[in-house]
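Novice: Residue numbers 1 to 295, in this note's numbering, belong to the letters of the sequence shown in order.
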Amino acid sequence: MATESKTQTLPVLPLESGVILPQMVVTVALETPEARDAVGAAQRNGNVLLLLPRIEGRYARVGTVARLEDSGELPSGQKIAVFRGLHRARVTVASAGEGPGLWVETEAAPDPETPSERALALGREFRAVVESVLEAKGEQNAGRMLRSIRNPGHLADMSGYSPDLTFEQKVEVLETIDVEARLTRLLEWYRATLADVTLKDKIRRDVTDRMEDQQREYMLRQQLEAIKKELNEGGDDVVAEYRRKADEAGLPDDARKEFDREVDRLERTSEQSPEHGWIRTWLDWMVELPWSARS
Numbered sequence: 001m002a003t004e005s006k007t008q009t010l011p012v013l014p015l016e017s018g019v020i021l022p023q024m025v026v027t028v029a030l031e032t033p034e035a036r037d038a039v040g041a042a043q044r045n046g047n048v049l050l051l052l053p054r055i056e057g058r059y060a061r062v063g064t065v066a067r068l069e070d071s072g073e074l075p076s077g078q079k080i081a082v083f084r085g086l087h088r089a090r091v092t093v094a095s096a097g098e099g100p101g102l103w104v105e106t107e108a109a110p111d112p113e114t115p116s117e118r119a120l121a122l123g124r125e126f127r128a129v130v131e132s133v134l135e136a137k138g139e140q141n142a143g144r145m146l147r148s149i150r151n152p153g154h155l156a157d158m159s160g161y162s163p164d165l166t167f168e169q170k171v172e173v174l175e176t177i178d179v180e181a182r183l184t185r186l187l188e189w190y191r192a193t194l195a196d197v198t199l200k201d202k203i204r205r206d207v208t209d210r211m212e213d214q215q216r217e218y219m220l221r222q223q224l225e226a227i228k229k230e231l232n233e234g235g236d237d238v239v240a241e242y243r244r245k246a247d248e249a250g251l252p253d254d255a256r257k258e259f260d261r262e263v264d265r266l267e268r269t270s271e272q273s274p275e276h277g278w279i280r281t282w283l284d285w286m287v288e289l290p291w292s293a294r295s
């Protein structure tokens with residue numbers, strides 16, 4: 001069953017563009033005075049604070065109670081802090097805290113210690129769908145990490161690391177306290193993502209196959225041309241010679257049209273074919289006729 005509810009007054013670190021879910025470990029740049037005030041208040045408050053997304057001018061109804069693991073300053077002078085998400089907490093009311101910044105009253109909302117059978121089944125299905133998405137993207141290493149996570153609530157919250165979800169979707173995951181409802185929503189999104197990446201992968205493979213087919217066809221044509229040249233070596237010279245003789249013989253238009261048709265046939269016919277000899281005999285006869293003689 002769920003852990004007994006616990007009320008705490010905590011300093012708030014607002015998150016403008018990211019969501020930190022329970023179990024996540026994330027480094028955050030402290031870019032605003034309220035962020036730095038929140039970290040300072042946490043250091044005086046047992047290193048615990050509430051990470052609360054702010055979306056479209058409002059705060060989320062649920063935040064992540066987190067522990068301040070470390071803090072420091074980069075060579076550039078940018079102050080940073082490392083947080084570990086612990087569990088969800090509902091925001092009940094603003095409160096006067098011990099120091100500057102925003103403080104709120106919170107009510108802890110951790111996942112049940114013993115997941116329901118349905119949550120376990122949804123977790124297995126969710127893991128399978130996410131692994132399929134990662135495999136389609138060529139990111140199998142991340143899939144192996146998921147297989148080590150057994151708790152379905154924890155598994156759902158790993159979606160906070162995913163680039164496939166928007167900021168708004170991650171806020172919805174945070175605000176969905178019920179594990180079964182959380183996994184059901186995530187499954188809906190990830191099935192759509194799987195359909196999208198599968199379609200893109202099919203298009204990519206189809207394009208690759210077409211390119212390979214075209215390349216293979218080109219190579220076969222080149223080989224065929226080489227074979228033709230081997231079988232009809234010097235054929236171009238023979239054809240050119242027949243055309244020259246036809247010009248000299250002065251064939252009439254109708255006869256020249258038929259002559260050129262047979263020359264084209266000769267060019268396409270292998271020297272090993274009996275037809276090759278017959279065509280040449282006919283062409284020789286045509287150019288030897290006295291076409292330009294006058295009676």
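Every residue gets a Cβ at the ideal spot worked out from N, C-alpha and C, and that includes glycine. Just so it is clear, the structure is predicted and the values come from calculations on it, not from any experiment.
Taking L68 as the reference, which of P11, W189, Y59, A181 has the closest Cα?
Specialist: With distances taken between Cα atoms, L68 lies closest to P11.
Novice: Name the residue from I203, R265, N151, E135 whose alpha carbon lies nearest to the alpha carbon of E113.
Specialist: Closest by alpha carbon: N151.
Novice: Relative to the C-alpha of D237, which candidate in V133, L266, L30, A108 has its C-alpha closest?
Specialist: L266
Novice: How far does the alpha helix (DSSP H) with A156 in it reach, from first residue to last?
Specialist: 152 to 157
Novice: DSSP three-state call for T3: helix, strand or coil?
Specialist: Annotation note: pLDDT 44 at T3 (below 50); position unreliable, coordinate value reported separately. T3: coil per DSSP, three-state reduction.
Novice: For E107, I'd like the list of residues in its chain whose CB is within less than 8 Å of its CB, leaving aside the five on either flank, ordered along the chain.
Specialist: S5, K6, T7, A89, R90, T92
Novice: Using the Cα positions of A61 and E175, report the straight-line distance between them to the nearest angstrom.
Specialist: It is worth fixing the name first, because residue 61 is Arg in this sequence and not Ala. C-alpha of R61 to C-alpha of E175: approximately 7 Å in a straight line.
Novice: State the Cα-Cα distance for the pair A81 and L102, rounded to the nearest angstrom.
Specialist: 18 Å
Novice: Could you check which residue in L187, P33, V104 has the C-alpha nearest to that of L52?
Specialist: V104
Novice: Below 8 Å CB to CB, which residues in the same chain sit around L186 once its five sequence neighbours on both sides are set aside?
Specialist: F126, A156, S159, V173
Novice: Would you check if there are 3 or more beta carbon pairs closer than 8 Å linking the region 194 to 204 to the region 130 to 146?
Specialist: Verdict: yes, contact present.
Novice: For P163, count neighbouring C-beta atoms within 10 Å of its own C-beta (all shown protein chains included) and say buried if the count is 16 or more, exposed if not.
Specialist: Exposed: under 16 other Cβ atoms inside 10 Å.
Novice: Would you mind sorting D33 into buried or exposed? The rule is 16 or more other CB atoms within 10 Å of its CB.
Specialist: A small correction: the amino acid at residue 33 is Pro; Asp does not occupy that position in the sequence shown. It counts as exposed.
Novice: Residue range of the beta strand (DSSP E) that W291 falls in?
Specialist: Note, W291: premise wrong, no beta strand (DSSP E); not H, not E.
Novice: Alpha carbons only, please: which of L122, D253, D264 is nearest the one belonging to A240?
Specialist: D264
Novice: Within 8 Å, do at least three Cβ pairs link the region 214 to 225 to the region 244 to 255?
Specialist: no
Novice: Pull up the CB-CB distance for A119 and V179, whole angstroms please, since I reckon it's below 8 Å.
Specialist: Right, their Cβ atoms sit about 5 Å apart.
Novice: Can you tell which of V287, R204, S76 has its C-alpha closest to the C-alpha of A255?
Specialist: V287
Novice: Assign S295 to one of three DSSP states: helix, strand, or coil.
Specialist: Confidence at S295 is low in this model, with a pLDDT of 42, below 50, so the placement of that residue should be treated as unreliable; the coordinate-derived value is given next. Coil.
Novice: DSSP state of I203, grouped into three classes?
Specialist: Of the three classes helix, strand and coil, the one that applies to I203 here is helix, per DSSP.
Novice: Hey, does T176 have any beta-carbon neighbour from chain B nearer than 7 Å?
Specialist: Of the protein chains in this structure there is only one, and it is not chain B.
Novice: What's the C-alpha gap between L122 and L165?
Specialist: Per the coordinates, the alpha-carbon of L122 lies some 19 Å from the alpha-carbon of L165.
Novice: Once the 5 residues before and after G72 are set aside, which same chain residues still bring their CB inside 7 Å of it?
Specialist: Result list for G72: I80, in chain order.
Novice: If contacts are defined as beta-carbon pairs under 8 Å, then L86 and P22 qualify, I think. What distance do you get, rounded to the angstrom?
Specialist: 6 Å
Novice: Could you compute how far the alpha carbon of Q169 sits from the alpha carbon of R210?
Specialist: 38 Å
Novice: Among the residues of its own chain, which have a CB less than 8 Å from the CB of P115, if the five just before and after it don't count?
Specialist: G123, N151, P152, G153, V179
Novice: On the CB-based measure, 16 or more other CB atoms within 10 Å of its CB, does D111 come out buried or exposed?
Specialist: buried
Novice: Taking only runs of the alpha helix (DSSP H) that begin and end inside the region 53 to 112, which ones reach a length of at least 4 residues, in chain order?
Specialist: none
Novice: Where does V19 fall in DSSP's three states?
Specialist: coil
Novice: Who does Q8 pair with in a DSSP beta bridge?
Specialist: T106
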